[in-house]
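S.K.:
In the UniProt record's numbering, the protein residues as written are 1 to 255.
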């Protein structure tokens with residue numbers, strides 16, 4: 001769905017506010033916190049400080065503000081008081097925010113305390129894969145170019161890409177067209193046009209790409225029990241390339 005300039009201004013504002021949520025989390029000592037405690041912290045910040053709406057809460061019947069996916073949890077981890085972050089954990093915090101009728105979606109994988117070098121490498125490679133995909137965005141490119149760039153980067157580092165979940169168009173609705181796969185062939189898929197807005201959100205696994213869903217109906221884990229990491233940004237196709245709407249201050253050197 002193509003967004004008009006005035007819509008892109010509103011989406012950029014939502015993205016700026018969401019970036020500030022992660023800036024707040026960057027300053028927070030997450031070690032020893034429960035994932036439910038983080039959920040409550042983020043909800044207060046979005047509602048009270050930003051005067052915005054945490055868009056995941058109530059979406060599809062989901063009862064929380066964020067997904068907190070720890071270690072072998074690939075995505076959709078449900079916050080819990082008993083799920084306390086410990087030294088050596090990695091956790092992806094996935095948050096969606098709405099302001100003035102428009103949404104932004106972003107996630108970051110945090111390193112908790114002293115993390116094993118193998119886990120650090122997975123997290124860094126996933127972050128780099130995200131940016132490899134972002135750099136493939138420009139008018140006239142194809143959706144397959146994004147997926148190919150992400151998968152090639154992951155495989156070169158020995159990781160697999162989860163295929164069951166993908167990026168998505170976003171705007172007034174959390175999930176719009178197009179679907180943005182994190183694998184593919186260059187020169188294939190729908191062409192990218194100025195004004196398109198969507199997420200890129202690769203999930204990389206240490207081991208095999210196969211996943212399964214726990215009995216809660218939400219939490220997706222690696223089938224082999226190895227680690228998984230994810231990063232996500234909301235982007236807009238511009239006349240000359242790409243604008244990262246959820247860009248954080250600490251990422252200025254990436255653009």
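Cβ atoms here follow ideal geometry from the backbone N, Cα and C, with glycine treated the same way.
Taking the alpha-carbon of residue 185 as reference, which of 3, 150, 135 and 44 has the nearest alpha-carbon?
M.R.: When each option's Cα is compared against that of residue 185, the closest is 150.
S.K.: Spatial neighbours of residue 148 within its chain, please: CB distance less than 7 Å, with the 5 preceding and 5 following residues excluded, ordered by chain position.
M.R.: Excluding residues within five positions, the ones whose Cβ falls inside 7 Å are 184, 185 and 186.
S.K.: Using only the alpha-carbon positions, how far apart do residue 261 and residue 203 sit?
M.R.: The structure shown has nothing for residue 261, since the chain only spans 1 to 255.
S.K.: How many angstroms separate the CA atom of residue 105 from the CA atom of residue 252?
M.R.: When rounded, the distance between both Cα atoms is 18 Å.
S.K.: Going by beta carbon distance, what residues of the same chain come within less than 7 Å of residue 146, once the five residues before and after it are set aside?
M.R.: Same-chain partners within the cutoff: 133, 136, 137, 180 and 200.
S.K.: Does DSSP classify residue 164 as helix, strand or coil?
M.R.: Coil.
S.K.: With a threshold of 16 other CB atoms inside 10 Å of the CB of residue 76, please say whether the residue is buried or exposed.
M.R.: Counting Cβ neighbours within 10 Å, residue 76 comes out buried, since at least 16 surround it.
S.K.: I'd like the span of the beta strand (DSSP E) that includes residue 200, first residue to last.
M.R.: 197-200 is the span of the beta strand (DSSP E), which, as asked, contains residue 200.
S.K.: Taking the alpha carbon of residue 95 as the reference point, which residue from 35, 7, 29 and 224 has its own alpha carbon closest?
M.R.: Nearest C-alpha to residue 95: 35.
S.K.: Measuring alpha carbon to alpha carbon, tell me which residue in 153, 43, 143 and 188 is nearest residue 177.
M.R.: Comparing Cα positions, the closest option is 143.
S.K.: How would you call residue 89, buried or exposed, if buried means at least 16 neighbouring beta carbons within 10 angstroms?
M.R.: Buried, since its Cβ has 16 or more Cβ neighbours within 10 Å.
S.K.: Does the Cβ-Cβ distance between residue 68 and residue 246 come in under 8 Å?
M.R.: Their beta carbons are not under 8 Å apart, which means residue 68 does not touch residue 246 by this criterion.
S.K.: Within this structure, are the beta carbons of residue 91 and residue 70 separated by less than 8 Å?
M.R.: Yes, the pair counts as a contact, with Cβ atoms nearer than the cut-off.
S.K.: Using only the alpha-carbon positions, how far apart do residue 80 and residue 207 sit?
M.R.: Straight-line Cα distance between these residues: approximately 26 Å.
S.K.: Residue 29 by DSSP, collapsed to three states: which one?
M.R.: Three-state result, residue 29: coil.
S.K.: Which residue wins for smallest C-alpha separation from residue 172, given the options 188, 160 and 53?
M.R.: Checking every option, the nearest Cα to that of residue 172 belongs to 53.
S.K.: Please state the DSSP three-state secondary structure of residue 82.
M.R.: Residue 82: coil per DSSP, three-state reduction.
S.K.: Decide yes or no for the touch test of the stretch 233-241 against the stretch 115-124: beta carbon pairs closer than 8 Å, at least 3 of them.
M.R.: No, the stretch 233-241 is not in contact with the stretch 115-124.
S.K.: State the Cα-Cα distance for the pair residue 63 and residue 102, rounded to the nearest angstrom.
M.R.: Straight-line Cα distance between these residues: approximately 20 Å.
S.K.: Report the option in 39, 165, 8 and 5 whose CA atom is closest to the CA atom of residue 21.
M.R.: Per the Cα distances, 39.
S.K.: As an exercise, report each continuous beta strand (DSSP E) stretch of at least 3 residues that is fully enclosed by the stretch 104-185, in chain order.
M.R.: Here the runs fully enclosed are 167-169 and 176-180.
S.K.: Kindly identify the DSSP beta-bridge partner or partners of residue 90.
M.R.: Its beta-bridge partners are 111.
S.K.: Whose C-alpha, out of 47, 162, 97 and 32, is nearest the C-alpha of residue 82?
M.R.: When only C-alpha atoms are compared, the closest one is 32.
S.K.: Using CA coordinates, which residue listed in 163, 128 and 152 is at the minimum distance from residue 233?
M.R.: With distances taken between Cα atoms, residue 233 lies closest to 128.
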